[in-house]
Each structure stands twice: as C-alpha cells, then as structure tokens.
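One gets my numbering by counting positions in the first sequence from 1 and adding 6 to each. Note that the Cβ used here is the ideal one computed from N, Cα and C, for glycine as well.
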Amino acid sequence: MTNQELANRLFPEVTTTPAEMEARYPERHLPEGAKVTRIAPSPTGFMHLGNLYGAMVDERLAHQSGGIFYLRIEDTDRKRLVEDGVETILSVFKRFGLNFDEGATLEGDKGDYGPYTQSERGFIYKTYVKDMLAKGMAYPCFCTEEELAENHRLQEENKENFGYYGKYAIWRDRPAEDVEAALEAGKPWVIRFRSQGSIEHKIRFEDLCKGTMEITENDQDVVILKSDGLPTYHFAHVIDDHLMHTTHVVRGEEWLGTLPIHIQLFDALGFKRPKYVHTAQLMKLDGTSKRKLSKRKDPEFALDYYFSEGIPIDAAVEYVMTLLNSNFEEWRRANQTAPLDEFKFNTKKMSGSGALFDLDKLSDVCKNVVARMSAEQVYDLTTAWAEDYDTQLYGLMTRDAAYTKAILSIGRGGKKPRKDFGVWNEVKTYMGFFFDELFAPDYTQMPSHVDGETVAAVLKAYMDVYRNSEASDANSWYEEVKALCPQFGFTADMKAYKAEPGKYKGSVGDIAMILRVAVCGRAQAPDLFSCMELMGKERVLERLQAAVR
RNA sequence: GGCCCCGUGGUCAAGCGGCUAAGACGCCGCCCUCUCACGGCGGAAACAGGAGUUCGAUUCUCCUCGGGGUCACCA
C-alpha cells in the first residue's frame, strides 16, 4: 500500500486539495503594516481575566495598525463544550467594549475567511491531512490508551523523556501489512505528524513579548487529527492562522512549551510563520508563593465577577492595561480624560514576568475612574448594575432620579474630586442615609466626651437656629454652627481646641459631629451642609428631633 | 525528572555599563480640615547569591538558588 493509497483509504470522501484551499483563502488586501489578530477561546462557558488580557492586546495591535481583529471559536474539545458557550463569549467581549471586525457571531459568520468555528472546518483540516498522508508527512496510529500509558510507565522507569518518539513511536514505521490489518480489524486511529526534529537541535526564536530565546526542536510525533476526526489545537492553530492570514498570535506563555511543534508544522507545510506574543501569566499570591490565577480559588479571575461586584468596566480595562503596558499609568496621568484608544500600545512595554493580581491597585484604579465620571454617568452605570444585582437600590434610585443624581454630584468635578467609592456595590452604603428606607442611625457615634444631656441640648438649640436659617452655602452654615459654641462652653477655634483640649468642654467639631450623626446617622459623610440641603428642611428637622433623647 | 520562561522595595514597575536606583498601589507620620473622602508634604522599604568581563556592574557572561509553566486523542 503506497502512501497515496493509504490516504485514499483513510479519507475517501476528501477530494479537495491544499491548492484549492489556498485559492479559497487568498492574501488579505490590507495597508502596509496592518496586523491581523484573533482571539480564539473555547466555548466552555467560563470567561476569565486571561481571555480579556489577551483580547486587549489583540485588539490594540490590530486596530492601531488598521488591521483586522477577529473571533474564532475553538470547539474541538467536545467534552468541554457548554450549551451557551459562544453566547457567553460574545456577550462578555461586547460588555468589555471589544469589537470584532470579523468572525463568529450569533447570526452566523461575518467575513470571508470562515467558517470561524473549528468544528465546521473539518473538510479543511482533512484536506491537508490527506495530502500530508500522501506525502508521508503523517501516518495513522492505532495505539490504545493502555499502550500509551505503558510507554509512559516505561519512560518513567528508564528516566527517559515522555511522549511518542523514537522507539516509542510504535506506528511510525510499521509495515504496511500491520496497518492494513489494523484497518481491517476496524481499530480506531489518529493521525500523527512525522517529526523530523531532534532534541539535539536548538532553534533561536524571537518572541515579541519575551524577546529572543532558544528552544529545543520537537521530536514528538504529535497527534494532529483525533479519532473523532477533529484536529488537535496544534494542527488547527497552524491551518487556521495560515489560511486566515493571522499575522500576530497572542496567547499565554503556557503555550511556549508547545511552540516547537507549531514552528515545525508551519515550516513543514511551507507556511509563513506568524509573529508570536506570549504573554506572561497572571499570578496570585497564595500564602507565600505565587501561583496561576485559578478558576476555582480566585473569584476575581472570572469576568463575571466584575459584573456582579459592580466594578466599572472601564476601570477593569484600565487596570488590565496597567498590567499590560508599564507606561500606561504615566500616559493616563498625562491624559486624564483621553479615550483609551489614543494610548499607543506597544508589545515592547509588556512585562516578561508574571504579574501578581493586585486587588488594592484595582480598587484604586476604580476610584480614579469613577471620580472622572459625571454624576449622570455614575447614575446610569449604577442603576444598570443595581437592576440586576440590587433591586432595592434600583427602586430607590429610579424613584427620584433627580434627587439621586444630586446626591451623586456632591464633591464631583473640580480639581480634587471626592473618591468615596469605585465599585457600584459600594454606592448603597455611601449614600444610603439619604433615603429614609435605608436610614439606620447609629447614635453611639456621637462624640464620646460630650454627655447625653449636652448632645440633646445642642440638637435643640440647633433646631431653633435651623428653622429660621438663612444659610445658603457651606460657609454661612458653618458660621451658624460656630455661633452655637459659647453657650455650651465649646470653642469655635479648632486650633485652640487641639492645642489645649482640656480648656473647653468641646469644639465646633463636636457640634458638627452631633449634627452629622443625627442627620446622616453616622460619623462619616460628605460635606454636611450639602447633605442637609439635599434632604430638605422637613426631613432634617425630623431626624434632629429623633436624635434628641 | 526533561524542556522552557522569569528574578529591582510587600505589590506593579522605570532602568538598558557610571544615577543620592524613578514613579504608582499599599503602609506610617505630619499638614489642610466640621467628620470622612480628596489634596499637599515627608518616611520606612529593593537590584536573590557567587564567580567572571570591565577602570567601573542592577545593567553583559556563566554557575547556584528561588519562583512559574509545560510534558494528553485539553485548549
């Protein structure tokens, strides 16, 4: 049986040729220097930070160069498929503002290089496989799981490298009769690539993120087509990225180990190799050692987490960008309000080592991002979040939108905006006391060195002042509060009080605190005058009265 | 174990043969101040170790150590 006969026997249904495929997916006509990138997730229903991290690099690379950014679905592992996997992928990327120029969508493929779902590309992979078989570049392997396990056991015992190579490549040079017999017997088979590599040979390789490195040639006869007729990642990657004319492959550094296989395949098939960007792994501190961010242990790894916690999408994106490009923060400080698109992303500024995911830093970025927003934006984004995750808050915020927006305007804008919260799920706590339904005063936060009787007296005295108050701004309000001091033996001079606290029964600060606890129900709140003004006289008087004991 | 990647403060990081070794987050102190949140000022805190190259190494080379990844009909 010749190679050609074998090829025909294994793939009688395949009549297409590689040349036809090449013709069907011609070179793209793009401007000089345009990059073609892709993100190729598996529809497992779980989207994580790594997906976003890579996708952002792809997106920037393509769109900064006038190229194409596309989505390909890698669903060749049927065991891990999930019902709405593709939908999840699409919706998550959409929410993060990543726009694909072509690829899979819910309405079908968009673009001329499809299908963009690997399970629909069987005929393409098989066309190449059949050709490789005919040329002797690949061969069928009938090994059972047990035989492979036995190989592994022997290799372990002999302290040899694991895998399917050399004398362990059982079917590599099997006589035609054996192949014939196995076929007759109806044994299941896979197709393996006939490696010409040797671990004695090193290859110099240039990675756009990691720099130059030296890697060992692959000597394993890897499986390229599984027994279910679908390609392995290695093969699909090479065929797809070749035919789709991907110029830059961005993926996690966990792929570095299999890079020799990919290079070998590209070369053997006579394809031009894409450039690679192997990104450093996102890490997390576990006890005293670093480890890969894990789906099971780290909620912040899942992109769902950002939605449910109410982390502003823009902030998550900014944070990832700070991880991605070391000069991003500097740029952001200089260009506070510029759209992210204007940042010149550069693979050279990517860190080669794995960054620890820093929740403190994320939180800081969130606060800064939110501080830059208008009250209107904060209102919109918070209600959008609350609609799904906090119906009570949603109800209150939408009941009186103008009131809520006014609350959110306090201290916003200007050179030194307040940064009270950076996450939508903190909004309720921050402004809850403005709503009677959420007002739960804690009078124990009254100044401890002022006795209850005085507290009550202060409240009563202020109520009298407040009923006829003409205060129209924070300063005049403060003057009124200060005027209350003498009758209680307090001082309006904070400096003097701090210097000699013993000299006075209290200070204007204490009076303000008494009022604050009465009106806001707690010791911390934004500017009291603003709060009272928004709440309205009636409500404030009610609360002052309620605090009198 | 083989192969590969990585190694500057607690974290993220500038640096690319000569610097008092930036900056940011976090932490601490002070100032501002009606509290908080801002903002301002200041502080503690680092080149993993050892050889070599060099007049001179954080920077270049080698070794050691440490961390990580990967060795599937998963991606």
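Exposed or buried, residue i, counting other C-beta atoms within 10 Å across all chains shown (16 or more means buried)?
i	result
residue 455	exposed
residue 324	buried
residue 136	buried
residue 497	buried
residue 213	buried
residue 405	exposed
residue 303	exposed
residue 35	exposed
residue 362	exposed
residue 452	buried
residue 68	buried
residue 80	buried
residue 57	buried
residue 471	exposed
residue 388	buried
residue 160	exposed
residue 23	exposed
residue 466	exposed
residue 396	buried
residue 320	buried
When DSSP builds the beta bridges, which residues end up paired with residue i?
i	result
residue 219	211
residue 108	76
residue 147	196
residue 142	None; residue 142 has no bridge partner.
residue 378	Answer by DSSP bridge pairing: none, since residue 378 is not bridged.
residue 496	512
residue 367	The partner list for residue 367 (beta bridge, DSSP) is empty, contrary to what the question assumes.
residue 538	DSSP output for residue 538 lists no bridge partner at all.
residue 308	54
residue 517	BP columns for residue 517 are empty, so no partner.
Which residue from the options puts its Cα closest to that of residue i?
i	options	result
residue 143	250, 8, 548, 76	8
residue 128	231, 434, 387	231
residue 360	372, 21, 287, 335	287
residue 237	196, 73, 424	196
residue 107	228, 177, 29, 76	76
residue 246	224, 279, 229, 235	279
residue 14	134, 356, 460	134
residue 216	398, 262, 536, 122	262
residue 568	507, 505, 500, 506	Absent from the model: residue 568. The displayed extent of the chain is 7 to 555, so no value can be given.
residue 182	148, 397, 460	148
residue 378	339, 358, 101, 130	339
residue 545	508, 184, 473, 482	473
residue 333	349, 344, 322, 85	349
residue 186	145, 71, 202	145
residue 175	162, 153, 164	153
For a quick check, are the C-beta atoms of residue i and residue j less than 8 Å apart?
i	j	result
residue 264	residue 240	yes
residue 384	residue 252	no
residue 60	residue 285	yes
residue 429	residue 317	yes
residue 526	residue 427	no
residue 114	residue 90	no
residue 298	residue 308	no
residue 96	residue 82	no
residue 553	residue 524	yes
residue 10	residue 140	yes
residue 399	residue 306	no
residue 529	residue 537	no
State the Cα-Cα distance for the pair residue i and residue j, rounded to the nearest angstrom.
i	j	result
residue 64	residue 44	6 Å
residue 200	residue 375	54 Å
residue 20	residue 243	21 Å
residue 401	residue 105	33 Å
residue 351	residue 259	19 Å
residue 194	residue 166	28 Å
residue 550	residue 469	7 Å
residue 457	residue 421	40 Å
residue 157	residue 206	22 Å
residue 224	residue 191	32 Å
residue 169	residue 226	7 Å
residue 272	residue 336	39 Å
residue 540	residue 381	15 Å
residue 347	residue 330	14 Å
residue 461	residue 515	13 Å
residue 357	residue 371	19 Å
residue 266	residue 277	15 Å
residue 98	residue 326	15 Å
Say the cut is 7 Å; is the CB of residue i nearer than that to a heavy atom of the ligand MG?
i	result
residue 96	Questions concerning the ligand MG fall outside what the structure shown contains, since it holds no ligand whatsoever.
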